[in-house]
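Engineer: Take a look at this one; I'll ask things after.
Residue numbers (the numbering used here), protein chains in the order written: chain U, 34 to 491; chain Y, 784 to 1048; chain P, 69 to 499.
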């Protein structure tokens, strides 16, 4: 039905363009000079119809479901919701919705069936309302714009103003996304902290969120201390950077200073390929190759290694980060002015000395920025750890042990059906909020360092 | 020869330090230097002059093989330092550059302290056995570059924090500290104001007592002021090479005359 | 002063240029060491990439073929009638035709085991054929159907005949049966079109990528439809029109940071806002596309701004000088010139979006769905989430299916990146 609405809108908008353009051309027939070209008169009509009605349809789409839900719930017989908290009410609503879709389990009460009918009817009415509104509003705007066609009307300025407005709106979406993230995380995390005290979350050393979802047990059991989870994240990130940083930096040094052109021409694209491999592939690689290999090596040495050890997940994550760090370091080294390199070589320094004593130290700020961004990536990386790291939170720093991470917990808590009223689901948002804060902090710091560094040599 | 130099510093007037024969330089397909023959005398300031793009800097960079760092550059011909072919495959450019130092057009101090900038060369070449000796070398070099009095209280400050003229003198001190035999200067004053230029010129004249100095300049006045020998380059060719006074007062080639009188440039 | 210098530590060295002092030799050794270590680092990266590809290819290539058996099926009217087609005994008919090929199998006691030779999907293939042409009932037709996973793996050599029977997924009897079918010339291994024409299934030999491919198409389509215009609009405004003040600075910092926010956080955003607040459908490619659009937008904005910056100001000045308005200049001249750069950035952004998994998991695009979606609002999987689901499945057949799916995904990524590189090389202008 929304598609129909969009189509109607498109047709009417194009009609407006043609109509106004014709009208403007008609004005020129008797020799009148227009202020703006006829095309702009048409464009003005097109835009004035398209923009507001498009926004209206989007708003309608967003608001339709919540409003209908509220109307259905308000229309329930008195007493039907007595004694139910929000969670219970949500359950009732979900049942009514599934009945309305024809999926009936057991024998629901009559008032639920009635409510389901009401729901279906309401959707029908809303659809009609949408179509009628779209047509009426579009036509009204069409008439309005048609009347404005006149020789002295500044159609170009008017349509340019609308286009500018549209571009500003596009820019605002970037900000709205950030606001949306912050708001969603803070709102849901706030609900979580009403069930589980903030101090328990921040300082608790126990993470056992898998509580049974039954109403009498909400928040009654289950431990939500995030320390073992963040510790696991740190262990895995540390392993990853321990592998990625030296390999990444050394390969950047080689590529930047020593590699012949032909080798550089091969290596650079290969590293780009490595960087473009989706993380789900690395995750599968970890469980298919790396974890069994590690376990085999452990068995040879007589060290029992668990199948989802931090070493496997961190190691594969390190591989993922190698091209990231390498390309950042390469860029930073390239940004060091050539004159410094010449200066050092002219003093009789070898290329190795030039690299280690002049170029590398000069590039340190840029490299640090890149490594920090890699840290933030490691902390926020999800698929590799979801597939290769453990689920049980353990307070350990042994990389041979199985640990879990913030992102693993977010995904496992939210996979499957999610009800937004139990601490298990909301805990994921609390973890998400912490993850966002940590990575944002690191990113801001890293980007600032990189930016400062670029300013020095620009 | 060493001992001779020390006892009779004035004798070296006629000693040839570097000798270039039939030098050709190609940048890709571009023939940048054609058939250049030059003898560079010891303890003398030799100036290369000529309009921009004439190849004087390119040729200068051949003398310590800095063109090696440019991939498309190709050099033919014969350049000798004290009779030894510097383009011999067995010659290590690193050791060559330790003997033939270079100062660049734009001051390029390393992003390190003033002390570390000057100590860079002595450290990599192992010229000082301990910290005390290094301190002595750094002080000597900074004094030689006439910078000591300005920076002696802040040797730990970043080299980049100095003014442009000071930076260039720091770069000269850095080159001098390595104790080279030839010092190449590629338009060392082009980025400096007149006062700093005067200081650096004075310094070049000082350095002559110990090094063979080759300076590329686009300023004829500068060449006249600081050099004893002058070579005029035009379109990649060495047009004329003679004592500076002859070049400016009695040029043999009409192109040289046009240039020094300001008709081409 | 000269004398002081000479008598101090650094007396003039008068060494030959070719001589190698111990110090120089040590310095050279250190340089070679650094080079060697650097080269080693690159070799490590290469080796890992090689192992990655080799392990995927070696486990995945078998999934591109499927073991099938050709049967002479007598469509027995006693089992299958036109009136009660859905309830017909298709499986019995098929099992009987297999039994005909295995003389030593007992029709009573070995019935279950023999039935297990064929894929569960075989009966549906027969049913569809009979439903399309009811006149087949009573006739004997030749039908080629897939084998079940264990036999498929046996044929592909993934089940070792030398392992003791107790540790093998197929007992000795089953191996004998397979060999008998093989000797009878009944076994064939053609290209596995089902990998692309089937949707997901519980049975590895039937599971295909159609649902995931269609789902990924819709996700990318929505992602492109939203992020491309919005990203370009934002970039043009910020680059060409926005006043340089703190607000535009803030937006810029914000966009750079957004590009580095972990993808799982975008999943949380989608779950809370799109699913919970707006009530959009779960597991729908529409929501997945919207989410990935938010993630791709910063990439497109950054690429577009770089492309716009690369257009020389002389073009703008020339057009402005002819009396064009700023917008006419930007949309008429600057934007078309910047288009190749913008498209390159967009394709790279979309390639990233195609491989993105975590946000799609959070909005439920990892559901088990056995049919391809018909609209972006139907529940569906996407390629990367399908890989995740299969990687989690225990059957041996899914391991090679997972690798195959990854190879398909990587194939698409290579094509997209190659397209981006082609565009860059073909249209990039040096000003």
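Ideal Cβ positions, reconstructed from N, Cα and C, are used throughout, including at glycine.
Since the structure is predicted, the reported quantities are computational estimates derived from the model, not experimental observations.
Use the C-beta contact count for residue 158 of chain U: other C-beta atoms within 10 angstroms, 16 or more gives buried, fewer gives exposed.
Structural biologist: One-based indexing of the first chain puts residue 158 of chain U at position 125. Answer is exposed; the Cβ neighbour count stays below 16.
Engineer: Have a look at the DSSP bridge pairing and note the partners of residue 257 of chain U.
Structural biologist: Along the first chain, one-based indexing puts residue 257 of chain U at 224. For residue 257 of chain U, which the question treats as bridged, DSSP gives the partners U:240.
Engineer: Give a yes or no on whether 8 Å exceeds the smallest Cβ distance from residue 864 of chain Y to chain P.
Structural biologist: Here residue 864 of chain Y refers to the residue found at position 81 when the second chain is read from its first residue. So, interface residue.
Engineer: Excluding five sequence neighbours on each side, which residues of the same chain lie with their C-beta closer than 6 Å to the C-beta of residue 1045 of chain Y?
Structural biologist: Mapped onto the second chain, residue 1045 of chain Y falls at position 262. Here the set comprises nothing.
Engineer: When burial is assigned at 16 or more other CB atoms within 10 Å of the CB, is residue 913 of chain Y buried or exposed?
Structural biologist: As a working note, residue 913 of chain Y is residue 130 in the second chain. Classification of residue 913 of chain Y: exposed, given that the 10 Å Cβ count is below 16.
Engineer: Could you tell me which chain Y residues have their CB closer than 8 Å to the CB of residue 386 of chain U, listed as they occur along the chain?
Structural biologist: On the first chain, residue 386 of chain U is found 353 positions in, with the first residue counted as 1. Here the neighbours are 907.
Engineer: Just to confirm the assignment, what range does the alpha helix (DSSP H) spanning residue 143 of chain U have?
Structural biologist: Position 110 of the first chain, counting from 1, holds the residue named residue 143 of chain U. Per DSSP, residue 143 of chain U belongs to the alpha helix (DSSP H) from 143–181.
Engineer: Any heavy atom of the ligand SAH closer than 7 Å to the beta-carbon of residue 1035 of chain Y?
Structural biologist: As for the ligand SAH, it is missing from this structure, which has no ligand bound.
Engineer: Taking any Cβ of chain U, which residues in the region 882–896 of chain Y have a Cβ under 9 Å from it, in chain order?
Structural biologist: Going along the region 882–896 of chain Y in chain order, one finds 882, 883, 884, 885, 886, 887, 888, 889, 890, 891, 892, 893, 894 and 895 with a Cβ nearer than 9 Å to chain U.
Engineer: Report the option in P:158, P:227 and P:480 whose CA atom is closest to the CA atom of residue 189 of chain P.
Structural biologist: Taking the third chain and counting its residues from 1, one reaches residue 189 of chain P at position 121. If we check each option's Cα against that of residue 189 of chain P, P:158 comes out closest.
Engineer: Using a C-beta cutoff of 8 Å, does residue 226 of chain P count as contacting chain U?
Structural biologist: Locating residue 226 of chain P in the third chain gives position 158, where the first residue counts as 1. Residue 226 of chain P does not count as touching chain U.
Engineer: Is the region 210–228 of chain P touching the region 461–470 of chain P in the sense that three or more CB pairs, one from each, lie closer than 8 Å?
Structural biologist: Touching, per the Cβ criterion.
Engineer: Name the chain Y residues that come within less than 7 Å of residue 441 of chain U, Cβ to Cβ?
Structural biologist: The residue given as residue 441 of chain U occupies position 408 in the first chain. The contacting residues do not exist; residue 441 of chain U stays about 42 Å from chain Y at best.
Engineer: Pull out every residue of the region 841–873 of chain Y whose Cβ sits closer than 8 Å to any Cβ of chain U, in chain order.
Structural biologist: Flagged, chain order: 847, 849, 852 and 854.
Engineer: Just reading off the alpha helix (DSSP H) that residue 908 of chain Y is part of, what are its end residues?
Structural biologist: Locating residue 908 of chain Y in the second chain gives position 125, where the first residue counts as 1. Segment 897–908, the alpha helix (DSSP H) holding residue 908 of chain Y.
Engineer: Determine the extent of the alpha helix (DSSP H) in which residue 325 of chain P is found, giving its start and end residues.
Structural biologist: Mapped onto the third chain, residue 325 of chain P falls at position 257. Segment 314–326, the alpha helix (DSSP H) holding residue 325 of chain P.
Engineer: Any beta carbon from chain Y within less than 8 Å of residue 51 of chain U's own beta carbon?
Structural biologist: Counting from 1 along the first chain, the entry for residue 51 of chain U is found at position 18. Output row for residue 51 of chain U: interface = no.
Engineer: Residue ranges of each alpha helix (DSSP H) run of no fewer than 4 residues wholly in the region 205–267 of chain P, ordered along the chain?
Structural biologist: Within the region 205–267 of chain P, the complete alpha helix (DSSP H) runs of at least 4 residues are 217–223, 240–251 and 262–265.
Engineer: Using DSSP with H/G/I as helix, E/B as strand and the rest coil, what is residue 813 of chain Y?
Structural biologist: Your numbering for residue 813 of chain Y matches position 30 in the second chain. Strand.
Engineer: Pick helix, strand or coil for residue 68 of chain U, following the three-state DSSP scheme.
Structural biologist: Stepping through the first chain from its first residue, residue 68 of chain U is reached at position 35. Coil.
Engineer: Can you list the residues of chain Y that residue 92 of chain P reaches, using a CB-CB cut of under 8 Å?
Structural biologist: For this step, residue 92 of chain P is matched to residue 24 along the third chain. Here the neighbours are 875, 877 and 878.
Engineer: What did DSSP end up calling residue 123 of chain U once you bin it into helix, strand or coil?
Structural biologist: Residue mapping note: residue 123 of chain U aligns to position 90 of the first chain, counting from 1. Reduced to three states, the DSSP call for residue 123 of chain U is helix.
Engineer: Is residue 957 of chain Y close to chain U? Criterion is C-beta to C-beta, closer than 8 Å.
Structural biologist: The residue labelled residue 957 of chain Y in the question sits at position 174 within the second chain. So yes, residue 957 of chain Y belongs to the interface.
Engineer: List the residues of chain Y whose Cβ lies closer than 8 Å to the Cβ of residue 294 of chain U, in chain order.
Structural biologist: What you label residue 294 of chain U is simply residue 261 of the first chain in a count that begins at 1. Under the 8 Å cutoff, chain Y gives 854.
Engineer: With DSSP collapsed to three states, give me the class of residue 1024 of chain Y.
Structural biologist: As a working mapping, residue 1024 of chain Y is identified with position 241 in the second chain. Three-state result, residue 1024 of chain Y: strand.
Engineer: For residue 400 of chain P, count the other beta carbons within 10 Å of its own beta carbon; 16 or more makes it buried, fewer makes it exposed. Which is it?
Structural biologist: In the third chain, counting from the first residue as 1, residue 400 of chain P sits at position 332. That one is exposed.
Engineer: For a quick check, are the C-beta atoms of residue 388 of chain U and residue 286 of chain U less than 8 Å apart?
Structural biologist: Here residue 388 of chain U refers to the residue found at position 355 of the first chain. Here residue 286 of chain U refers to the residue found at position 253 of the first chain. Yes, Cβ-Cβ distance for residue 388 of chain U and residue 286 of chain U is below 8 Å.
Engineer: In angstroms with no decimal places, state the Cα-to-Cα distance between residue 153 of chain U and residue 130 of chain U.
Structural biologist: Here the question's residue 153 of chain U lines up with position 120 in the first chain. Here the question's residue 130 of chain U lines up with position 97 in the first chain. Their backbone Cα atoms lie some 9 Å apart in a straight line.
Engineer: Should residue 908 of chain Y go down as buried or exposed, given a rule of 16 or more other Cβ atoms within 10 Å for buried?
Structural biologist: As a position in the second chain, residue 908 of chain Y is number 125, starting the count at 1. It counts as buried.
Engineer: I'd like to know whether the C-beta of residue 85 of chain P is nearer than 8 Å to at least one C-beta of chain Y.
Structural biologist: Mapped onto the third chain, residue 85 of chain P falls at position 17. Yes, contact with chain Y.
Engineer: Per DSSP, residue 1012 of chain Y forms a beta bridge with which residues?
Structural biologist: For the purposes of this step, residue 1012 of chain Y is taken as the residue at position 229 of the second chain. DSSP output for residue 1012 of chain Y lists Y:829 and Y:1026 as bridge partner(s).
Engineer: Would you list, in chain order, the members of the region 210–227 of chain U that have their beta-carbon closer than 8 Å to a beta-carbon of chain P?
Structural biologist: Answer in chain order: 210, 211, 213, 214, 217, 218, 220 and 221.
Engineer: Quick one, are the C-beta atoms of residue 973 of chain Y and residue 878 of chain Y less than 8 Å apart?
Structural biologist: Position 190 of the second chain holds residue 973 of chain Y. Position 95 of the second chain holds residue 878 of chain Y. The answer is no: Cβ separation not under 8 Å.
Engineer: Sorted by chain position, which residues of the same chain lie with C-beta nearer than 7 Å to residue 465 of chain U's C-beta, five sequence neighbours on each side aside?
Structural biologist: Here the question's residue 465 of chain U lines up with position 432 in the first chain. Once the five neighbours on either side are set aside, the close Cβ partners of residue 465 of chain U are 218 and 443.
Engineer: For chain P, check one thing: does any of its Cβ atoms lie closer than 8 Å to the Cβ of residue 979 of chain Y?
Structural biologist: Working through the second chain from its first residue, we reach residue 979 of chain Y at position 196. Not an interface residue.
Engineer: Where DSSP assigns a beta bridge to residue 995 of chain Y, which residues make up the other side?
Structural biologist: The sequence position of residue 995 of chain Y within the second chain is 212, counting from 1. In DSSP, residue 995 of chain Y forms a bridge with Y:965.
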